[in-house]
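To start, the structure itself, in structure tokens.
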Amino acid sequence: MAASSRHRPRLPISKPTQPPDKPAALTGARKTAAASVPLCRPLFQETGEVEAEMVEAADAGWWWTWRAVAVAATAACLVLHVAARVADALWWRPRRLETHFARQGVRGPPYRFLVGCVREMVALMAEATAKPMSPAAAHNALPRVLAFYHYWRKIYGPTFLIWFGPTPRLTVAEPELVREIFLTRAEAFDRYEAHPVVRQLEGDGLFSLHGDKWAHHRRVLTPGFYPVNLNRLVPHVGRSVAALAERWRAMACAGGGEVEVDVAEWFQAVAEEAITRATFGRSYDSGRVVFRMQARLMAFASEAFRKVLVPGYRFLPTKKNRLSWGLDREIRRGLVRLIGRRSGDEDDTTELKDKDDGFNDLLGLMINAGVNKTMPVDDMVEECKTFFFAGKQTTTNLLTWATVLLAMHPDWQDRARREVLAVCGDAGELPTKEHLPKLKKLGMILNETLRLYPPAVATIRRAKADVTLGDYGDGGLSIPRDTELLVPIMAIHHDARFWGPDAAQFNPARFAGGAARAAKHPLAFIPFGLGSRMCIGQNLALLEAKLTMAILLQRFDLELSPSYVHAPTVLMLLYPQYGAPLIFRPRQSQPSD
Numbered sequence: 044m045a046a047s048s049r050h051r052p053r054l055p056i057s058k059p060t061q062p063p064d065k066p067a068a069l070t071g072a073r074k075t076a077a078a079s080v081p082l083c084r085p086l087f088q089e090t091g092e093v094e095a096e097m098v099e100a101a102d103a104g105w106w107w108t109w110r111a112v113a114v115a116a117t118a119a120c121l122v123l124h125v126a127a128r129v130a131d132a133l134w135w136r137p138r139r140l141e142t143h144f145a146r147q148g149v150r151g152p153p154y155r156f157l158v159g160c161v162r163e164m165v166a167l168m169a170e171a172t173a174k175p176m177s178p179a180a181a182h183n184a185l186p187r188v189l190a191f192y193h194y195w196r197k198i199y200g201p202t203f204l205i206w207f208g209p210t211p212r213l214t215v216a217e218p219e220l221v222r223e224i225f226l227t228r229a230e231a232f233d234r235y236e237a238h239p240v241v242r243q244l245e246g247d248g249l250f251s252l253h254g255d256k257w258a259h260h261r262r263v264l265t266p267g268f269y270p271v272n273l274n275r276l277v278p279h280v281g282r283s284v285a286a287l288a289e290r291w292r293a294m295a296c297a298g299g300g301e302v303e304v305d306v307a308e309w310f311q312a313v314a315e316e317a318i319t320r321a322t323f324g325r326s327y328d329s330g331r332v333v334f335r336m337q338a339r340l341m342a343f344a345s346e347a348f349r350k351v352l353v354p355g356y357r358f359l360p361t362k363k364n365r366l367s368w369g370l371d372r373e374i375r376r377g378l379v380r381l382i383g384r385r386s387g388d389e390d391d392t393t394e395l396k397d398k399d400d401g402f403n404d405l406l407g408l409m410i411n412a413g414v415n416k417t418m419p420v421d422d423m424v425e426e427c428k429t430f431f432f433a434g435k436q437t438t439t440n441l442l443t444w445a446t447v448l449l450a451m452h453p454d455w456q457d458r459a460r461r462e463v464l465a466v467c468g469d470a471g472e473l474p475t476k477e478h479l480p481k482l483k484k485l486g487m488i489l490n491e492t493l494r495l496y497p498p499a500v501a502t503i504r505r506a507k508a509d510v511t512l513g514d515y516g517d518g519g520l521s522i523p524r525d526t527e528l529l530v531p532i533m534a535i536h537h538d539a540r541f542w543g544p545d546a547a548q549f550n551p552a553r554f555a556g557g558a559a560r561a562a563k564h565p566l567a568f569i570p571f572g573l574g575s576r577m578c579i580g581q582n583l584a585l586l587e588a589k590l591t592m593a594i595l596l597q598r599f600d601l602e603l604s605p606s607y608v609h610a611p612t613v614l615m616l617l618y619p620q621y622g623a624p625l626i627f628r629p630r631q632s633q634p635s636d
């Protein structure tokens, strides 16, 4: 028994389970919501709460699902709306406008998606400028300069529709329609918004402004261009041109009695002198430094203008773009400093009577307006940039083509010289402000130059609202809002309907009775535009050109260089593609020391 008890197997002893937590009242623990929950809940109660939670979760899921669907639907609607707007702008609207104008008898080359007629225009211009003009057609420059207009006019007539991308451009070359656009219905049209590269060149001044701001700037600046004010520039510009002529005479003497000069380059210095003095007056020296930087900027911007069809090129950080950005900042700083110095000079007013013989320089006029808080400094800076671009380019081009034409036509050169010598005397005397109005033949030559080779070969306006013009067709020509109107100035100037069968020939005698009577229609001659936005600086350009030509005719005989190639072309303004090399031979009578 003892043995059996010793080997009896032991039953496993179970360990006591963990006692339940004591009530909070016994442990002194803080009573919580969990403490009140019973350890066991009835099955039916647990199932109900779970179902409620499931329903709540399902509702939340449906809400987020519907929200996602709503967002997606809204996004899809926006995408469809934008796509519809883009499709309308790039395709359906051009098609509607083509139909609209076709019903009025106005047609043109067909619209091509996105690019319009640009490819054809570029191809026509490239073909036309690939070779120079023949001597027989020396002044019939329209097929070369406005090749697309010349080509399509033969097909569609003088009024036709072209497309600059998806933008419609109605080409208008009828003087009566031009009268309405610029004079009688001018309030219905606005200036075309120039490309940003062009605006970098010309500044955000009078060229770019609109509405009340443009009108205010025009009122402030107009007195600076009155003839009585500009006449005070004659001695300054005359001395500058005489100094240039003396350099050419010295070069000719050193070169065997003649010198070849590319006048397209040299005349830029003459133009810079006049516009710098007109702009800055007695601040000429400081202004000249700033405008020299502006000349460098114009060179960069002109190159960029050749690449305007490359999207975003002006934003690329190329070496030349970075240089132009730096120049632009330095020009702005220089002009702001100059304006600040002039504004703080108590003795400096726009009158300047004791300082500069009563000359009203443009900067002084603007500062006076700034004192009255009607022209901010930033506006003054932009106007100075505009003056430099417009004043320099317009005058340079006029002088270049005028000397080329006199070199081509020695008979008119002799007539002009005889008049200059009779009125102004020989090279020992500089022409004065009293002499210039008496130079009638020289004025006729300059007008004929502007007719054949206007600085701006075309101008553009934009319809601000739906408008109907003239007696075109039945009830007039209906033009929808935002249609651009291209007025080909050069085409009007070369139109045989208004100028006769010799329209492509150089004949200054047609202006013997004045510009208004030169053609069969008084508005067939518009080299500086028309109406309230006519070029504000035309008096300065004509005065400077007449004075310069008179001084050169006193001192030199002009002849075309054998290397001259007649190839007028357009890069914003009309200029000689291969330069304008002329031969200058000093005349016997020279200015005395």
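Throughout the sequence shown, residue numbering follows my numbering, covering 44 to 636 in sequence.
Just so you know, even glycine gets a beta-carbon here, dropped at the ideal spot from N, CA and C.
C-beta atoms of residue i and residue j nearer than 7 Å
i, j, result
"Ala314", "Thr446", "no"
"Pro565", "Ala559", "yes"
"Leu583", "Leu273", "yes"
"Ala190", "Pro201", "no"
"Pro175", "His537", "no"
"Ala562", "Ile532", "no"
"Gln597", "Val463", "yes"
"Leu614", "Gln436", "no"
"Pro209", "Leu133", "yes"
"Asp509", "Arg494", "no"
"Ala588", "Pro474", "no"
"Gly246", "Thr429", "yes"
"Pro218", "Ala567", "yes"
"Gly580", "Ala433", "yes"
"Gly369", "Val333", "no"
"Ala506", "Ile488", "no"
"Ala459", "Lys484", "yes"
"Gly148", "Leu204", "no"
"Ala412", "Val263", "yes"
Exposure label - residue i; buried when at least 16 CB within 10 Å
i, result
"Ile198", "exposed"
"His124", "exposed"
"Val112", "exposed"
"Ala317", "buried"
"Ala539", "exposed"
"Arg275", "buried"
"Tyr496", "buried"
"Cys467", "buried"
"Thr322", "buried"
"Thr117", "exposed"
"Leu625", "buried"
"Arg372", "exposed"
For residue i, three-class secondary structure by DSSP
i, result
"Ser606", "coil"
"Leu590", "helix"
"Glu477", "coil"
"Tyr269", "coil"
"Tyr327", "helix"
"Gly434", "helix"
"Leu167", "helix"
"Asp305", "strand"
"Gly519", "coil"
"Asp469", "coil"
"Asp233", "strand"
"Ile579", "coil"
"Phe571", "coil"
"Phe144", "helix"
"Thr612", "strand"
"Phe549", "coil"
Nonlocal neighbours in the same chain, by C-beta distance under 7 Å from residue i, ignoring five residues either side
i, result
"Ser326", "Leu381, Arg385 and Leu406"
"Phe627", "Trp291, Ala295, Glu301, Val302, Val304, Phe599 and Leu601"
"His478", "Val466 and Cys467"
"Gln631", "none"
"Gly71", "Residue confidence is low: Gly71 scores 45 on pLDDT, short of 50, so the model does not pin down where it sits. Its coordinate-derived value is still stated next. Counting only Cβ-Cβ distances below 7 Å, and skipping sequence neighbours, we find nothing."
Same chain, Cβ closer than 6 Å to residue i, neighbours up to 5 away in sequence not counted
i, result
"Met168", "Ala190"
"Trp206", "Tyr154, Gly159 and Cys160"
"Tyr194", "Leu167"
"Ser329", "Leu381"
"Ala119", "none"
Cβ shell of residue i (< 8 Å), same chain only, five flanking positions each side left out
i, result
"Thr443", "Val306, Ala307, Phe310, Tyr618, Pro619 and Ala623"
Problem - Whole beta strand (DSSP E) elements within the stretch 481 to 537, 3-residue minimum - result: 502 to 506, 510 to 512, 520 to 522 and 527 to 530
Problem - Every unbroken alpha helix (DSSP H) inside the stretch 163 to 226 [4 residues or more] - result: 185 to 188, 190 to 199 and 218 to 222
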